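J.: Please read through the structure below; I'll follow up with questions.
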Amino acid sequence: MGEIGAKRWNFGANEVVEDACSQTVRDFLNLLVDNLDRNDARPVIPLGLGDPSPFPSFRTDPAAVEAVCEALRSSKFNHYPSLSGLPLTRKAVAEYLSRDLSYHISPDDVHLTVGCHQAIEILISTLAVPGANILLPRPTYPMYDSRASLSQLEIRRYDLLPENGWEVDLNAIEALADDKTVALVLINPCNPCGNVFLRQHLQKIAETASKLGILVIADEVYKDIVFGDKPFVSMAEFAEIVPVMMLGAISKRWFVPGWRFGWMVTLDPHNIMKDSGLVGSLVNVLNMSTDTTTFIQGAIPDIIGKTKEEFFSSKLGTLRECAETCYEEIKKIPCITCPYKPEGSMFTMVKLDLSMLEDISDDLEFCCKLAKEESLIILPGRAVALKNWLRITFAVELEVLRDGFVRLNNFAQRHSKKKT
Amino acid sequence: MSEEQQPHANLVVPTFRTEKEPKTQTQNGNGRSVWRFGGSEKAAEASTVTLRGVIFMLFDNCSKDVKKTVLPLGHGDPSVYSCFRTCIEAEDAVVDVLRSGKGNSYGPGAGIPPARRAVADYLNGDLPNKLSPDDIFLTAGCNQGIEIVFESLARPSANILLPRPGFPHYDARAVYSGLEIRKFDLLPDREWEIDLEGVESIADENTVAIVVINPNNPCGNVYSHDHLKKVAETARKLGIMVITDEVYDRTIFGDNPFVPMGKFASIVPVLTLGGISKGWVVPGWKLGWIALNDPEGVFEYTKVTQSIKQNLDITPDPSTIIQVALPEILEKADKKFFAKKNKILKHNVDLVCDRLKDIPCVVCPKKPESCTYLLTKLELSLLENIKDDIDFCVKLAREENLVLLPGEALGLKNWMRITIGVEAHMLEDALERLKGFCARHAKKTETETESLEALKL
Numbered sequence: 001m002g003e004i005g006a007k008r009w010n011f012g013a014n015e016v017v018e019d020a021c022s023q024t025v026r027d028f029l030n031l032l033v034d035n036l037d038r039n040d041a042r043p044v045i046p047l048g049l050g051d052p053s054p055f056p057s058f059r060t061d062p063a064a065v066e067a068v069c070e071a072l073r074s075s076k077f078n079h080y081p082s083l084s085g086l087p088l089t090r091k092a093v094a095e096y097l098s099r100d101l102s103y104h105i106s107p108d109d110v111h112l113t114v115g116c117h118q119a120i121e122i123l124i125s126t127l128a129v130p131g132a133n134i135l136l137p138r139p140t141y142p143m144y145d146s147r148a149s150l151s152q153l154e155i156r157r158y159d160l161l162p163e164n165g166w167e168v169d170l171n172a173i174e175a176l177a178d179d180k181t182v183a184l185v186l187i188n189p190c191n192p193c194g195n196v197f198l199r200q201h202l203q204k205i206a207e208t209a210s211k212l213g214i215l216v217i218a219d220e221v222y223k224d225i226v227f228g229d230k231p232f233v234s235m236a237e238f239a240e241i242v243p244v245m246m247l248g249a250i251s252k253r254w255f256v257p258g259w260r261f262g263w264m265v266t267l268d269p270h271n272i273m274k275d276s277g278l279v280g281s282l283v284n285v286l287n288m289s290t291d292t293t294t295f296i297q298g299a300i301p302d303i304i305g306k307t308k309e310e311f312f313s314s315k316l317g318t319l320r321e322c323a324e325t326c327y328e329e330i331k332k333i334p335c336i337t338c339p340y341k342p343e344g345s346m347f348t349m350v351k352l353d354l355s356m357l358e359d360i361s362d363d364l365e366f367c368c369k370l371a372k373e374e375s376l377i378i379l380p381g382r383a384v385a386l387k388n389w390l391r392i393t394f395a396v397e398l399e400v401l402r403d404g405f406v407r408l409n410n411f412a413q414r415h416s417k418k419k420t
Numbered sequence: 001m002s003e004e005q006q007p008h009a010n011l012v013v014p015t016f017r018t019e020k021e022p023k024t025q026t027q028n029g030n031g032r033s034v035w036r037f038g039g040s041e042k043a044a045e046a047s048t049v050t051l052r053g054v055i056f057m058l059f060d061n062c063s064k065d066v067k068k069t070v071l072p073l074g075h076g077d078p079s080v081y082s083c084f085r086t087c088i089e090a091e092d093a094v095v096d097v098l099r100s101g102k103g104n105s106y107g108p109g110a111g112i113p114p115a116r117r118a119v120a121d122y123l124n125g126d127l128p129n130k131l132s133p134d135d136i137f138l139t140a141g142c143n144q145g146i147e148i149v150f151e152s153l154a155r156p157s158a159n160i161l162l163p164r165p166g167f168p169h170y171d172a173r174a175v176y177s178g179l180e181i182r183k184f185d186l187l188p189d190r191e192w193e194i195d196l197e198g199v200e201s202i203a204d205e206n207t208v209a210i211v212v213i214n215p216n217n218p219c220g221n222v223y224s225h226d227h228l229k230k231v232a233e234t235a236r237k238l239g240i241m242v243i244t245d246e247v248y249d250r251t252i253f254g255d256n257p258f259v260p261m262g263k264f265a266s267i268v269p270v271l272t273l274g275g276i277s278k279g280w281v282v283p284g285w286k287l288g289w290i291a292l293n294d295p296e297g298v299f300e301y302t303k304v305t306q307s308i309k310q311n312l313d314i315t316p317d318p319s320t321i322i323q324v325a326l327p328e329i330l331e332k333a334d335k336k337f338f339a340k341k342n343k344i345l346k347h348n349v350d351l352v353c354d355r356l357k358d359i360p361c362v363v364c365p366k367k368p369e370s371c372t373y374l375l376t377k378l379e380l381s382l383l384e385n386i387k388d389d390i391d392f393c394v395k396l397a398r399e400e401n402l403v404l405l406p407g408e409a410l411g412l413k414n415w416m417r418i419t420i421g422v423e424a425h426m427l428e429d430a431l432e433r434l435k436g437f438c439a440r441h442a443k444k445t446e447t448e449t450e451s452l453e454a455l456k457l
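Order-wise, the sequence lines are chains Y and R. Using the UniProt record's numbering, you'd call the opening residue of the first sequence number 1 and step up by one each time. Using the UniProt record's numbering, you'd call the opening residue of the second sequence number 1 and step up by one each time.
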């Protein structure tokens with residue numbers, strides 16, 4: 001026994017992995033779950049992760065389910081899929097995305113991925129040449145950060161400005177970029193801030209990126225989760241100005257993140273990405289990476305074609321109600337402020353006023369104590385690179401959300417500084 | 001037959017292939033700015049070793065003018081043939097999950113607990129040291145398992161021992177992760193056993209692992225208990241782990257029983273890769289696993305386990321649908337289904353070997369007893385004007401619309417791999433065409449040459 005234990009083994013951990021993975025959203029949520037009081041009989045209220053699919057109000061459309069069942073039963077989709085996806089699926093996705101655009105996307109520009117997540121993985125890894133850097137927002141969607149760290153792509157942060165409706169700080173972008181900057185990531189509708197960017201603003205971002213010679217990674221996974229007055233405008237509309245890599249998935253609109261079906265679309269009318277060798281490299285990496293499940297691919301035309309508008313509008317209505325409830329409830333709690341009413345995505349950011357609280361020194365302590373005392377999970381802002389803020393998801397059953405705010409209110413009152 | 005119905009329609013030639021060196025900067029049309037992103041040399045290097053490239057090239061050489069259906073026997077995907085259709089229990093399990101709505105949510109990075117438990121139970125049948133669910137990590141197919149393990153082991157100067165002939169995905173991912181590749185031979189004269197002396201000579205203090213594929217793709221052998229024990233002892237002596245790829249554990253039709261490498265986990269830490277893709281003939285379902293067979297806790301204290309877990313947290317997960325269905329799929333594994341599949345494969349092997357008796361320049365030195373391939377040696381000395389295995393396969397594709405894999409793609413020059421996981425009639429047809437091709441390209445004998453010369457005079 002001792003012999004094998006004392007033996008020297010030549011293998012070990014990859015330290016780069018360790019550094020990259022310090023503090024993912026999952027890490028923080030696990031920490032909060034560890035803080036839960038096992039003796040609290042109340043159900044845990046999960047306002048930390050954006051996944052409403054377990055809730056009855058957010059069950060996916062039966063037509064989509066049947067489409068997948070049919071594709072499976074046909075036994076025509078059990079095979080290895082083609083590189084970048086089955087042609088019929090790429091075509092269906094191209095047509096689907098083109099509906100909202102002023103031009104048609106070619107199926108050849110659509111590359112299917114295992115959720116939007118794999119698109120991020122492959123894109124970041126391919127862009128990461130030695131010495132390169134990438135511009136990520138603050139607050140961020142930390143998967144970009146983790147993958148950039150793992151690929152040893154230097155991260156430079158630009159701010160989203162809460163006082164300006166979370167608009168991009170364009171001056172910061174110009175100041176941060178240098179000749180090794182390869183791309184800028186823009187998440188629209190914004191996770192975690194909940195805003196939708198204006199057309200004029202998107203155009204300015206495109207022009208700035210073009211001037212700097214960098215590509216825009218437009219993460220539009222929430223593009224259909226828009227319930228405010230501002231219409232969603234895709235960065236695809238500015239592909240003439242700057243090359244755009246558009247990312248998306250069916251996960252949010254159909255409430256099926258577990259189905260793992262997404263895409264990466266190269267919008268490159270001047271063949272800039274192609275000539276630079278980037279597209280070829282992406283295809284090379286796709287060639288040696290896993291694919292999204294073939295029978296889901298096979299079902300996509302029917303998933304898209306057979307889901308009725310009523311399903312989408314009804315779910316969107318529910319989300320709108322949740323977002324409004326969330327915003328109203330936040331207003332009632334003095335120690336948290338929401339600078340901008342959420343109009344898209346499944347999240348909103350609120351600022352913590354620590355000066356109003358007794359014995360809570362930061363966002364992490366707030367969230368840990370909240371988990372322990374109220375069985376309520378909210379993500380500390382540091383997980384998204386904004387310390388002393390909180391990210392709240394409102395995409396849960398409305399009753400659960402209301403309950404959550406009752407508990408949050410109680411917690412806030414309990415910890416408020418007493419007035420003498 | 002529509003494009004989608006053809007058996008190889010799932011392989012599509014990519015619409016572009018760039019051979020250019022990736023540039024990091026390009027001038028755009030009006031010279032207004034320099035673009036600062038570009039291709040990845042790492043990606044370019046890694047991708048040169050994939051099978052898809054070779055297969056596409058061979059398909060390109062097939063032609064409509066040769067009035068014969070294209071026979072795609074270069075790559076392995078039996079799932080497109082109805083005789084290999086997966087079992088109804090597996091289909092039912094997935095449909096049930098879909099309709100229940102329980103497969104729609106995100107899951108944890110390592111996989112959902114019931115699925116992890118089901119895999120541990122599935123593997124534990126043959127193991128003396130039982131696995132716990134915590135030793136199991138789910139991946140989006142066995143291939144993704146390779147991606148994750150290599151990424152987790154990569155360190156500056158590290159090297160990894162890969163078999164030759166081998167499975168090119170290992171090479172591609174090793175290059176992409178920055179692991180140096182060192183090859184050891186599988187010995188054709190010893191029924192493809194591992195050249196252990198060779199292994200000892202190429203390993204050094206930077207070697208992290210040896211990859212063993214058992215049952216073996218492409219050779220089709222199943223390693224004996226004694227040989228695997230020797231492999232384990234060698235690895236231990238060298239201070240390296242054994243990564244064993246056992247994805248074909250249910251695709252065996254010979255007499256040698258399958259012995260899991262995990263049996264020797266008390267000698268050396270074993271990392272087992274597996275999945276349902278080959279056993280259940282569902283490569284498109286993308287569900288695999290990594291199992292850590294390590295009763296002494298070496299992976300734990302060397303932090304390899306931690307690396308794998310961390311990697312899984314930031315890597316795409318397998319679909320929740322299949323994960324939730326997995327316990328049912330594994331528990332209801334029907335021996336009759338596997339037996340039926342393996343019987344077809346055995347029949348196909350016998351068929352091909354029988355027909356090869358009439359084709360002297362294509363020799364199968366050892367009948368495979370597992371997997372879905374048959375390796376043959378090319379006797380080029382019997383052929384006229386055929387330079388090597390690639391030349392043979394290109395001409396074969398061009399003249400007969402028959403696609404077989406040149407061994408070069410697997411590291412075995414002048415060998416050739418025939419996929420036998422297809423319908424029997426396709427193999428009959430293929431062997432006829434192969435016979436015709438070889439007869440046409442056969443070197444003329446001396447008497448034949450004399451007769452020809454006589455005619456010319």
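The C-beta atom is built at its ideal place from N, Cα and C for all residues, glycine as well. Source: prediction; values computed, not measured.
With a cut-off of 8 Å, does the C-beta of Pro283 of chain R fall near any C-beta of chain Y?
T.: Walking along the second sequence from the start, residue 283 of chain R turns up at place 283. Judged by the 8 Å Cβ criterion, Pro283 of chain R is in contact with chain Y.
J.: I want to see whether chain R comes within less than 8 Å of Leu278 of chain Y, judged by CB atoms only; does it?
T.: As a first step, residue 278 of chain Y must be located in the first sequence, where it is residue number 278. Taking Cβ atoms only, chain R reaches closer than 8 Å to Leu278 of chain Y, which makes this a yes.
J.: Beta-carbon separation of Phe84 of chain R and Val242 of chain R under 8 Å?
T.: Translated into positions along the second sequence, residue 84 of chain R becomes position 84. Translated into positions along the second sequence, residue 242 of chain R becomes position 242. Not a contact, by the Cβ cut-off of 8 Å.
J.: According to DSSP, is Trp280 of chain R helix, strand or coil?
T.: Indexing the second sequence from 1 puts residue 280 of chain R at position 280. Here Trp280 of chain R sits in coil by DSSP.
J.: Mind checking if Thr89 of chain Y is an interface residue toward chain R, Cβ cutoff 8 Å exclusive?
T.: Indexing the first sequence from 1 puts residue 89 of chain Y at position 89. Thr89 of chain Y does not count as touching chain R.
J.: What do you get for His104 of chain Y, buried or exposed, if any count of 16 or more other CB atoms within 10 angstroms of its CB means buried?
T.: Residue numbering aside, residue 104 of chain Y sits at position 104 when the first sequence is read from its first letter. With fewer than 16 Cβ atoms within 10 Å of its Cβ, His104 of chain Y is classed as exposed.
J.: Taking a Cβ distance cut-off of 8 Å, strictly less, list which residues of the region 69 to 81 of chain Y are near chain R, in chain order.
T.: Per Cβ criterion, the list reads Cys69, Leu72, Arg73, Ser75, Lys76, Phe77, Asn78, His79, Tyr80 and Pro81.
J.: Return the first residue and the last residue of the alpha helix (DSSP H) that Lys351 of chain Y is part of.
T.: The residue you call residue 351 of chain Y lines up with position 351 of the first sequence. Not the alpha helix (DSSP H): Lys351 of chain Y falls in the beta strand (DSSP E), residues Phe347 to Leu352.
J.: Going along the chain, which residues of its own chain have a beta-carbon closer than 7 Å to the beta-carbon of Gly165 of chain Y, five neighbours each way excluded?
T.: By 1-based counting over the first sequence, the position of residue 165 of chain Y is 165. Around Gly165 of chain Y: Asn195 and Tyr340.
J.: Give me, in chain order, the residues of the same chain whose beta-carbon lies closer than 7 Å to that of Phe437 of chain R; leave out the 5 immediate sequence neighbours on both sides.
T.: Your numbering for residue 437 of chain R matches position 437 in the second sequence. Hits under 7 Å: Leu396, Glu399 and Glu400.
J.: For Val247 of chain R, which three-state DSSP category applies?
T.: Counting from one through the second sequence, the residue named residue 247 of chain R turns up at place 247. Here Val247 of chain R sits in coil by DSSP.
J.: Counting only beta-carbon atoms, is Trp263 of chain Y nearer than 8 Å to chain R?
T.: On the first sequence, position 263 is the one that residue 263 of chain Y refers to. So, not an interface residue.
J.: Relative to the alpha-carbon of Gly421 of chain R, which residue among R:Leu404, R:Trp415 and R:Leu412 has its alpha-carbon at the smallest distance?
T.: The count along the second sequence starts at 1 and reaches residue 421 of chain R at position 421. Minimum Cα distance to Gly421 of chain R is reached at R:Leu404.
J.: Measure the C-alpha to C-alpha separation of Ile333 of chain Y and Pro56 of chain Y and round it to an integer number of angstroms.
T.: By 1-based counting over the first sequence, the position of residue 333 of chain Y is 333. By 1-based counting over the first sequence, the position of residue 56 of chain Y is 56. Going by the C-alpha atoms only, they are around 28 Å apart.
J.: With Ala218 of chain Y as the anchor, note down where its beta strand (DSSP E) starts and where it stops.
T.: Here residue 218 of chain Y is taken as the residue at index 218 of the first sequence, counted from 1. Leu215 to Asp219 is the extent of the beta strand (DSSP E) around Ala218 of chain Y.
J.: Within the same chain, show all residues whose beta-carbon is closer than 6 Å to that of residue 523 of chain R, passing over the 5 residues directly before and after it, in chain order.
T.: Since the first and last residues shown for chain R are 1 and 457, residue 523 of chain R lies out of range.
J.: Helix, strand or coil, according to DSSP, for Gly131 of chain Y in the structure here?
T.: For the purposes of this step, residue 131 of chain Y is taken as residue 131 along the first sequence, with counting starting at 1. Coil.
J.: Let me confirm a value: Arg116 of chain R is counted as buried when at least 16 other C-beta atoms fall within 10 Å, else exposed. Which label applies?
T.: As a first step, residue 116 of chain R is located in the second sequence; it is residue number 116 there, counting from the start. Buried, because 16 or more other Cβ atoms sit within 10 Å of the Cβ of Arg116 of chain R.
J.: Give me the Cα-Cα distance between Ser79 of chain R and Gln323 of chain R, rounded to the nearest whole angstrom.
T.: As a first step, residue 79 of chain R is located in the second sequence; it is residue number 79 there, counting from the start. As a first step, residue 323 of chain R is located in the second sequence; it is residue number 323 there, counting from the start. About 20 Å.
J.: Quick one: what does DSSP say Asn159 of chain R is sitting in, helix, strand or coil?
T.: Residue mapping note: residue 159 of chain R aligns to position 159 of the second sequence, counting from 1. The answer is strand: DSSP assigns Asn159 of chain R an E or B state.
J.: Just to confirm the assignment, what range does the alpha helix (DSSP H) spanning Glu237 of chain Y have?
T.: Sequence index remark: in the first sequence, residue 237 of chain Y carries index 237 (1-based). No alpha helix (DSSP H) contains Glu237 of chain Y, which DSSP labels as neither H nor E.
J.: Flag this pair as yes or no: are the beta carbons of Thr419 of chain R and Gly103 of chain R separated by less than 8 Å?
T.: The residue you call residue 419 of chain R lines up with position 419 of the second sequence. The residue you call residue 103 of chain R lines up with position 103 of the second sequence. Result no, Cβ atoms of Thr419 of chain R and Gly103 of chain R do not sit closer than 8 Å.
J.: In three-state DSSP terms, what is Asp159 of chain Y?
T.: As a working note, residue 159 of chain Y is residue 159 in the first sequence. Of the three classes helix, strand and coil, the one that applies to Asp159 of chain Y here is strand, per DSSP.
J.: Residues in the same chain with beta-carbon distance under 6 Å from Met143 of chain Y, minus the five sequence neighbours each way, listed in chain order, please.
T.: Counting from one through the first sequence, the residue named residue 143 of chain Y turns up at place 143. Once the five neighbours on either side are set aside, the close Cβ partners of Met143 of chain Y are Ile120.
J.: With DSSP as the reference, label Pro87 of chain Y as helix, strand or coil.
T.: As a first step, residue 87 of chain Y must be located in the first sequence, where it is residue number 87. Pro87 of chain Y falls in the helix class under three-state DSSP.
J.: Run through chain R and tell me which residues come within less than 9 Å of His104 of chain Y, C-beta to C-beta.
T.: As a working mapping, residue 104 of chain Y is identified with position 104 in the first sequence. Within 9 Å Cβ-Cβ: nothing; His104 of chain Y doesn't reach chain R, min ~16 Å.
J.: Pop quiz: Leu382 of chain R and Asp389 of chain R are said to be a contact at Cβ under 8 Å. What is the actual Cβ separation, rounded to whole angstroms?
T.: Start at 1 with the first residue of the second sequence, and residue 382 of chain R comes out as number 382. Start at 1 with the first residue of the second sequence, and residue 389 of chain R comes out as number 389. Wrong, their Cβ atoms sit about 14 Å apart, outside the cutoff.
J.: Pairing CB atoms from the region 370 to 390 of chain Y with CB atoms from the region 32 to 49 of chain Y, are three or more of them under 8 Å?
T.: Cβ pair count under 8 Å is three or more, so yes.
J.: With DSSP as the reference, label Tyr106 of chain R as helix, strand or coil.
T.: Residue mapping note: residue 106 of chain R aligns to position 106 of the second sequence, counting from 1. Three-state DSSP puts Tyr106 of chain R in coil, outside helix and strand.
J.: Where does residue 430 of chain Y sit, in a helix, a strand or coil, going by DSSP?
T.: Outside the shown range of chain Y, which is 1 to 420, sits residue 430 of chain Y, and nothing can be said about it.
J.: Quick check: what's the CA-CA separation for Phe392 of chain R versus Ile386 of chain R?
T.: Walking along the second sequence from the start, residue 392 of chain R turns up at place 392. Walking along the second sequence from the start, residue 386 of chain R turns up at place 386. Each residue's alpha carbon lies about 6 Å from the other.
J.: For chain R, is any of its Cβ atoms less than 8 Å away from the one on Ile214 of chain Y?
T.: Taking the first sequence and counting its residues from 1, one reaches residue 214 of chain Y at position 214. With 8 Å as the cut-off, Ile214 of chain Y counts as an interface residue toward chain R.
J.: Check Leu282 of chain Y in the structure and name its three-state DSSP category.
T.: Start at 1 with the first residue of the first sequence, and residue 282 of chain Y comes out as number 282. Reduced to three states, the DSSP call for Leu282 of chain Y is helix.
J.: Closer than 9 Å, Cβ to Cβ, to anything on chain Y: give me those residues from the region 311 to 344 of chain R, in chain order.
T.: Within the region 311 to 344 of chain R, the qualifying residues are Asn311, Asp313, Ile314, Thr315, Pro316, Asp317, Pro318, Ser319, Thr320, Ile321, Ile322, Gln323 and Val324.
J.: Go through its chain and collect everything with a Cβ distance to Lys443 of chain R's Cβ below 7 Å, but skip five positions before and after it.
T.: Residue 443 of chain R sits at position 443 when you count from the first residue of the second sequence. The answer, listed in chain order, is Leu382, Leu383 and Glu384.
J.: Can you list, in chain order, the residues of its chain whose CB lies under 6 Å from that of Trp254 of chain Y, leaving out five sequence neighbours each side?
T.: Residue mapping note: residue 254 of chain Y aligns to position 254 of the first sequence, counting from 1. Hits under 6 Å: Thr60 and Ala64.
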